[in-house]
Structure formats: structure tokens, C-alpha cells
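This report refers to the structure that appears directly beneath it.
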Amino acid sequence: MVGTANNGRLRLAFSLVNGSQDLGPNSTPASNAGSECGGIEFTREDVEALVSEKMKYKNKFNYKERCENMMEYIKRLRLCIRWFQELEGEYAFEQEKLRSDLELTERRCSEMEVALENKEEELNLIILELRKSLASLQEKLAKEESEKKATVDSLAKEKEARISIERLQASLSEELDKFQGEVDGANQRIASINDMYKLLQEYNSSLQLYNSKLQKDLDAAHETIKRGEKERSTIVENLHNLRGQHKSLRDQLTSSIASQDEVMKQKDSLLNEVACLRMELQQIRDDRDRYQQQVQSVAAEVSKYKDLATNSSELEEKCLSQGNQIQILHDQLAVAERKLQMSDMSALETRIEFEGQKKLINELQNRLEDAEFKLIEGEKLRKKLHNTILELKGNIRVFCRVRPQLPDDNSSNQGKVISYPTSMEYLGRGIDMTQNGQKHCFTFDKVFMPDASQEEVFVEISQLVQSALDGYKVCIFAYGQTGSGKTYTMMGRPGHLEEKGLIPRSLEQIFQTKQALQPQGWRYEMQVSMLEIYNETIRDLLATNRESSRNENGAAGKQYTIKHDANGNTQVSDLTIVDVQSSREVSFLLDRAANSRSVGKTQMNEQSSRSHFVFTMRITGVNESTEQQVQSVLNLIDLAGSERLSKSGSTGDRLKETQAINKSLSSLADVIFALAKKEDHVPFRNSKLTYLLQPCLGGDSKTLMFVNISPEPSSVGESLCSLRFAARVNACEIGTPRRQLNMKTSDSRLSNG
Ligand SMILES: Nc1ncnc2c1ncn2[C@@H]1O[C@H](COP(=O)(O)OP(=O)(O)OP(=O)(O)O)[C@@H](O)[C@H]1O
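According to the UniProt record's numbering, the sequence shown is numbered sequentially starting from 1.
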């Protein structure tokens, strides 16, 4: 039966099943095909129409018809009910199916839920883990970022440090450059001082020129005075006046000597001061070198840091993974910073010290300049005084030289016979000799003690040698007993360069000065000759054919004659004269001459010079710019040894030699004493030696005599004789040195004076 309660469901079923189709007998049921309803499907409207259908009868009372209709109707109703029932069954089945589906789905759902929950838990765990790892990663990231930052910072610091080190290096190299510049400046200053020195030398030579002019004037004045003296020689008052003048000159001489001593002292103290200053300067230079070394070491450190900096790029990569290295770098950086600070501080200190040193150097240089200036001034004054003394004193000076004890000397027990006064007045000038307990005191222009070197001796005569180039006739001779050191003084020890004597040293100086005067326009020509006087015979030591000029006793050889011309020039006929250009050439000639000399063995000397050796250099100088011409002669003489016949142990030829030597030496003494006494007749012609040296001894030359002394007590008698002779020579006034300065004329050949 179709109830009201099922209407909604029916209707739903109808609509679902029939799709709102009419429930007519013709309508085709879709889902009930093959069912009991014969595939008829009912719609709602069909069912409603069926239910509300009203029977229509043609004849109300025709029951049969009515019954039939009714039956038909019931049939249709039954069909409809069956459809309903089928539909209901289908629905129930469907429902059951849906229910099982639902259950399945629900089960699945719950399973899924469980699975989901598990999954969720799993996911939660994963999330937790992920979060943890995220946190750790973030931590790591933060740490790495901070590390990276620290590294970058350290790198930046390092870069800064590097830059500052580079700056420091640059500043240090600037300082170094400055140092260099200052050194260059100092060198320039030295060069300028040298230039100034040259200029002063030039000034000195011009002063000498001026001096010579004055000398000429003075000579002219002297000439006039001489003439006046001759005219008024009879007037006694004038003589008194002259004596007075003489006395005053003597006074002047003593005062000049005193002032010369003073100047010498000043010079010594200045020299000491200069030596001190030089030492200080040397010390400062050493300090400067030390600082330069420091600078170099700092530069080396800088380069080390540079290397570190280049390595830092590699470190930058490594530091990302190796925190330890960063720490090391940190440490290194700290050390570097400390070092940098220290080097900064040391650089600052160095700079301060450098400034101080610079000031000190400047002060020292100023003081040095002052001292050098004073020295030059002192030297000028000394030269002036030297010339004044020479003028006051006359043309002859005497130096005494005592040779040292030799291994072959007789070291007898007689004690010391020579002593040297130590008082300021006689220091370096006095010599005392004791004989038989009696002390004999002598004073000379200079006394050289046994320890005086050849160089020291030469320094004292170098000015005299210099005068030869200035146009003076210069004569230096060595006098003394045999074996007292005359040849050693004049020639030196053969084969020992440092012990070369005055002759080679003088020649070196002359050739050096010749070179130095070239820029001033001076051109010099030098000619040398060398002769010996043996047994009163002249021998040419440079003759190529010696046989012609020499025989056994020297008597029958070539005859050389000595001639003096009106100008006071001396010439020896046929003497070999050699033009020389250098000191080496002269050394060669000296060796040749030394081999040709007459030497022999005496009791006093193994290699005794048995002749007087005369070296002559004629110098002619022309100044192309001033047209001035100078002519001078340098005579360097090694006399034969003076000795008593008894001492020489000579017999035969040796006796003859000794007699000849003694004769010529006593002639020399006679000449000097006659000159000293201003006698009318001076016996120059008494010996070849005195005649040859006439212009040097009697005229206007500068003459220096060395008296050589042996320190042996057994030679005390000979030494006293030599010293007495030398003292008398020292007391002589035998002329005034005169310079030979002319205007350019014709050439002249060599002469001895
Ligand atoms: N100042 C000195 N220092 C060292 N040795 C010296 C010195 N003076 C001389 N002698 C030596 O003394 C010795 C004799 O010297 P030298 O030959 O110069 O004497 P001399 O005076 O020339 O003798 P003679 O007149 O006999 O020729 C030489 O061996 C020489 O080397």
C-alpha cells in the first residue's frame, strides 16, 4: 500500500527513476526493464493520476462493465505497487550498498585518519627535526656570518695594516732618499770645500806672485841700499845705524820665531780639533749607516708582511672552513699590530734621533768649516811667517837628523850620548850631545829624532821643493860622517817604497804640482842631470858611454868644466841632460845613476858613498795666459861622508878618496864661513863642489842643509864636529832668496844654478 508517510520517498523515487516522465501506459521505464512490471516505469504524476482516477460509466448500473473497469484499474494498481516494491527493493539494495560503501569509506577514512595522524606525527617529528636543524643551521649561519664578518674585519685590518706599513715603508724610503740627498749634499759641500781649497791655492799662488813682485821691489830697494851703503861705508854713524837695524831685525826674528811657534801650536791644536771633529763625523756616519741598516730590516719586515698579505687571500678561503686559522691570523695580526706599533715608535724615535743627528752634523760641519778656514788661515800665516823668517834669516837653513841604532852598531856600554831638550823653547829644535861628561847644546831649525819617518822629514821640506816651481833656486844637501844616514835621507832604502827618500818624494811632488798648475795656464819643462864628484873629478852618471868618462881612479876620463854665466846660471860642459816628463822617468834615471856611483866599503859603512852626488833639475815654466816665465833649479846633493882619516881605516886608493872628500868638505866650510863673515874673497874655486854650488851658496837661492848624526857613542867625536859645523852654518846670513820671474823670452839649457 502506498501510504502518506512514504510519499516524499516515492516522489523522490519517481523523479529519480522516471525523470518526470508521464506515468502512462506508453511510457518506457528506464530502470525496470526486464522486471515484473514489464519495463513500465511510473512517474509521480502517473501514480497521482492513477490514484485519483475516477471511473466513468456509461451506464451506472452496468456492473459488469464496472467490474471490468475496476479489474483493469486494480491491475494497473497492482502493477504500480509491484513497481513500487521493486523500486523499494532496489532502493534498499542501493541503500545497503551505499551503507557498506559508507562503512568502507568510513573505515578507509579512519584508516586514513590514523595514517594521517601517523603521518602528521612523522611530519611533526620531521618538522621538529627540520626546525632543530634549521635552528642549528641558522646558528651555524649566524656563527659563520659572524666568523665571516670577523675574518672580513681582520682582513680589512690587515689591509689597513698593510697600507700603513706600505705608507711607513714609503715614508722610510723617502727618509732614505732624504738621507741620500743629504749625503749627496754633504759630498757636494765637500766638493765645494775642495773647490774652495783649490781657489785658495790659486789665491795662494797669486799671493806668491804678488809676494815675488814685492820681493823684486825689495830686491831693488836692497840694491839701492847696498849702493848707499858703499857710498857711505866710511860714515861711522851710519854703520851704527845699520848695527842698530841689524839688532832690531834680530829682535824681530826672535819675535817671529816665537809667533811662528805660537802659530805652530795653534795649528797643532786646530789639527787636533779637526781630527776630533773628523772622528765625531765618522761616528755620526757610522750611526747613520746603522740607522740605514735598521731601515733596511724594517723594509725586509714590510716585505714579509706583504707576503703575508698575498697569502691572506688564500687564508680568506681557508678561514671559511677553518676557524683555527682565523685565530692564528688574529694572533699574527695582533703581533703584526704590536710590531707595527713598535716599528712606528722606533721610526718616530729614529726620526727624532735623525733630526738630532742632522742638527749635530750641521753643527759639526759648520765647526769643521770654521776649523778648516782657521786651518787655511793658519797655514797662510805660517807660510807668510816662514817666508818672513827666511828673509830675516838669510837663505840657508839647517835641519839635523839622528839615525836610529842599527843592528850592526857597536852597542857599547857608554850609555846615551844624545838627548833632546823638552822645554817648549827648544822642543823639536834642540839636540844635546854629551862627551866625556860635558854636555854640548845645539839648536837648529828642526831636529828629527831617530823615529822620524821619511814622510815626516819630507813634509818639512815640501814647501822648499814647492818654491822650485815658483821660480826659486833650491839647494838641499846632506852632510855628515859616513854611515850617518845621508844617502838614506836623500835616496831612501832601495826596494822599500815607504822608505823612499827626499829626492824621489820631491820629484813626485814637483810632477804632481806641475799637473795641478796646468789649469792656471802654467806649462813646465824639466831637464835633469846627475853627476858625482869623485877625487875632485866630475863624472857624468847619465852618460851612455861610461868608459869614456871613467877610469880606475877617475883621473884620465872625460874632462868636464864648470862655467857660470852673467845671470848666475851654471853649466857643466858635455854633461848629459835629459828631458823628463814624469817622476817614473826620473826614478829610472836615478836607478841608473845609483848603479854608476862610486861606492866602497869603509870601517864605518858597508856601502859608503865615496863621492858627492849632485842631482840637478832645471825647471822652466811659462804661463800662457799671463806670459810669465819662471826659471829655477833644484839641486839635491848627497855629500860624501866626512870622517877622520884615522876612523875611516883607509889606505891606498881609499885614503886618496878620503883625503879628496875631506878637502872638498873643508872647502865647503871655508866658503860658508867666508860668506858669513862677508869677506871680499870667497874661495869658491878651492874645490869642484863649492865652485859647482857657488850660485846656491853665495847668491839668492834657498838652501837647506841636513846634518846627519849617528847615535853611536863611538861616533860622538865625529858627531860633535858635524854639529859644530852645522851650528856655524845655521848662524850664517849669506843672502836673500830671490825668485827668477821674467816675461817670456827664448829657451835656455840646463845649468846648475
Ligand atoms: N833614519 C834611518 N832609519 C833607518 N835606517 C837608517 C836611517 N838612516 C840610515 N839608516 C841606515 O844606516 C845605514 C847607513 O846609512 P847611509 O848609507 O845612508 O849612510 P851615509 O851617511 O850615506 O853613509 P856614506 O857617507 O858612507 O855613504 C844604511 O844601512 C841605512 O839604511
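For every residue, glycine included, the Cβ atom is placed at its ideal position computed from N, Cα and C.
Owing to the predicted nature of the structure, the values given are computational and were not obtained by experimental measurement.
Near residue 754, which residues of its chain fall below 8 Å by C-beta distance, leaving aside the five closest residues on each side in sequence?
For the chain, the structure presents residues 1 to 753; residue 754 sits outside this window and is missing.
Would you tell me roughly how many angstroms separate the C-alpha atoms of ASN311 and HIS330, rounded to the nearest one?
Residue 311 sits at position 311 when you count from the first residue of the sequence shown. Residue 330 sits at position 330 when you count from the first residue of the sequence shown. Cα to Cα, ASN311 sits roughly 14 Å from HIS330.
Please identify the residue among GLY621, LYS563, ASN623, ALA543 whose C-alpha is closest to the C-alpha of LEU590.
Taking the sequence shown and counting its residues from 1, the one referred to as residue 590 is at position 590. LEU590 has its Cα closest to that of ALA543, out of GLY621, LYS563, ASN623, ALA543.
Could you check which residue in GLU455, LYS486, LEU348, ILE418 has the C-alpha nearest to that of SER715?
Position 715 of the sequence shown, counted from the start, is the residue given in the question as residue 715. Considering only alpha carbons, the answer is ILE418.
Looking at C-beta atoms only, is the number of pairs between the segment 668–687 and the segment 464–473 that lie closer than 8 Å three or more?
Verdict: no, contact absent.
Is ASN708 near ligand 1, going by C-beta to nearest heavy atom under 8 Å?
Taking the first residue of the sequence shown as 1, we reach residue 708 at position 708. It does: the Cβ of ASN708 is within 8 Å (strictly closer) of some heavy atom of ligand 1.
Just list the alpha helix (DSSP H) runs in the segment 388–475, keeping only unbroken ones of 4 residues or longer that don't cross its boundaries, in chain order.
454–470
If you run the structure through DSSP and keep just helix, strand and coil, what is GLU552?
Here residue 552 corresponds to residue number 552 of the sequence shown, with the count starting at 1. The predicted model places GLU552 with a pLDDT of 43, which falls under 50 and marks its position as unreliable, so this point remains unresolved.
So LEU639 packs on LEU665, CB below 8 Å; how close in whole Å?
Counting from 1 along the sequence shown, the entry for residue 639 is found at position 639. Counting from 1 along the sequence shown, the entry for residue 665 is found at position 665. Rounded to the nearest angstrom, the Cβ distance from LEU639 to LEU665 is 7 Å, consistent with a contact under 8 Å.
Alpha carbon to alpha carbon, how far is ASP565 from ARG189?
In the sequence shown, residue 565 corresponds to position 565, counting from 1. In the sequence shown, residue 189 corresponds to position 189, counting from 1. Approximately 52 Å between the Cα atoms of the pair.
Please indicate yes or no: does the CB of PRO504 lie closer than 8 Å to some heavy atom of ligand 1?
Residue mapping note: residue 504 aligns to position 504 of the sequence shown, counting from 1. Checking the Cβ of PRO504 against ligand 1 gives no.
For ASP46, count neighbouring Cβ atoms within 10 angstroms of its own Cβ and tell me buried if that reaches 16, exposed if not.
Position 46 of the sequence shown, counted from the first residue, corresponds to residue 46. So ASP46 ends up on the buried side.
Can you confirm whether the segment 488–507 touches the segment 618–632 when touching is taken to mean that 3 or more C-beta pairs between the two stretches lie within less than 8 Å?
no
Say whether the segment 512–523 touches the segment 531–541, bearing in mind that this needs 3 or more beta-carbon pairs closer than 8 Å, one atom from each stretch.
Taking 8 Å as the limit for Cβ pairs, the verdict is that the segment 531–541 does not touch the segment 512–523.
Within this structure, are the beta carbons of ALA347 and LEU168 separated by less than 9 Å?
Here residue 347 is taken as the residue at index 347 of the sequence shown, counted from 1. Here residue 168 is taken as the residue at index 168 of the sequence shown, counted from 1. It is a contact, given that the beta carbons lie within the stated cut-off.
Which residues does DSSP pair with GLN85 in a beta bridge?
Along the sequence shown, one-based indexing puts residue 85 at 85. Its beta-bridge partners do not exist; DSSP assigns none.
Would you report the Cα separation of ARG493 and VAL465, rounded to the nearest angstrom?
The count along the sequence shown starts at 1 and reaches residue 493 at position 493. The count along the sequence shown starts at 1 and reaches residue 465 at position 465. Near 21 Å, if we compare the C-alpha coordinates of VAL465 and ARG493.
Can the beta-carbon of THR443 be found closer than 9 Å to that of TYR420?
Start at 1 with the first residue of the sequence shown, and residue 443 comes out as number 443. Start at 1 with the first residue of the sequence shown, and residue 420 comes out as number 420. Not a contact, by the Cβ cut-off of 9 Å.
How is ASP579 classed by DSSP in three states: helix, strand or coil?
Your numbering for residue 579 matches position 579 in the sequence shown. ASP579 falls in the strand class under three-state DSSP.
Give me the Cα-Cα distance between ARG401 and ILE562, rounded to the nearest whole angstrom.
Within the sequence shown, residue 401 is the residue found at index 401, counting from 1. Within the sequence shown, residue 562 is the residue found at index 562, counting from 1. About 31 Å.
Does the distance from the CB of residue 841 to the CB of VAL474 come in under 9 Å?
Outside the displayed range of the chain (1 to 753) lies residue 841, so it cannot be described from this structure.
Taking contact to mean at least 3 C-beta pairs separated by less than 8 Å, is the segment 354–372 in contact with the segment 267–277?
yes
From what residue to what residue does the beta strand (DSSP E) around LEU636 run?
As a working note, residue 636 is residue 636 in the sequence shown. Residues 628–638.
Could you round the C-beta distance between ALA287 and GLN357 to whole angstroms and report it? I think they count as a contact, below 8 Å.
Stepping through the sequence shown from its first residue, residue 287 is reached at position 287. Stepping through the sequence shown from its first residue, residue 357 is reached at position 357. The sequence given here places Asp at residue 287; Ala does not occur at that position. About 6 Å separates the two Cβ atoms, so the contact holds.
Tell me the residue span of the beta strand (DSSP E) that contains LYS563.
For the purposes of this step, residue 563 is taken as the residue at position 563 of the sequence shown. Unbroken beta strand (DSSP E) run through LYS563: 562–564.
How would you write the range of the beta strand (DSSP E) that ARG618 sits in, first residue to last?
For the purposes of this step, residue 618 is taken as residue 618 along the sequence shown, with counting starting at 1. 612–623 is the span of the beta strand (DSSP E), which, as asked, contains ARG618.
Taking the beta carbon of ASP700 as the centre, do at least 16 other beta carbons fall within 10 Å, making it buried, or is it exposed?
In the sequence shown, the residue the question calls residue 700 occupies position 700. Answer is buried; the Cβ neighbour count reaches 16.
Nearest-angstrom Cα distance between ASP153 and LEU333?
In the sequence shown, the residue the question calls residue 153 occupies position 153. In the sequence shown, the residue the question calls residue 333 occupies position 333. Their backbone Cα atoms lie some 11 Å apart in a straight line.
For the beta strand (DSSP E) that MET530 lies in, which residues bound it at each end?
Walking along the sequence shown from the start, residue 530 turns up at place 530. Start and end: 522–534.
Which same chain residues end up closer than 6 Å to THR690 when comparing Cβ atoms and leaving out the 5 residues on each side of it in sequence?
Here residue 690 refers to the residue found at position 690 of the sequence shown. Closer than 6 Å at Cβ, skipping near neighbours: SER667, LEU668, VAL671, PHE684.
CA-CA distance, ASP727 and THR616?
The residue labelled residue 727 in the question sits at position 727 within the sequence shown. The residue labelled residue 616 in the question sits at position 616 within the sequence shown. A small fix is needed here, since residue 727 is Ala in this sequence, not Asp. Going from the Cα of ALA727 to the Cα of THR616 covers about 26 Å.
With DSSP as the reference, label THR482 as helix, strand or coil.
In the sequence shown, residue 482 corresponds to position 482, counting from 1. Residue state, collapsed to three classes: coil.
Quick check: the Cα distance between PHE377 and LEU199, rounded to an integer number of angstroms?
Reading the sequence shown from its first residue, position 377 is the one you call residue 377. Reading the sequence shown from its first residue, position 199 is the one you call residue 199. For clarity, residue 377 is Glu in the given sequence; the question names Phe instead. Taking the straight line from one Cα to the other gives about 13 Å.
Let me make sure I understand the geometry here. Which of MET530, HIS222, PHE448, ILE284 has the alpha-carbon closest to that of ASN362?
For the purposes of this step, residue 362 is taken as the residue at position 362 of the sequence shown. Looking at the Cα atoms, ILE284 is the closest of the given residues.
Just to confirm the assignment: which complete beta strand (DSSP E) runs, minimum length 3, are found wholly within the segment 105–184?
Counting whole runs of 3 or more residues, the segment 105–184 contains no beta strand (DSSP E) stretch at all.
Which residues share a DSSP beta bridge with SER642?
Position 642 of the sequence shown, counting from 1, holds the residue named residue 642. GLN481, per the DSSP bridge assignment.
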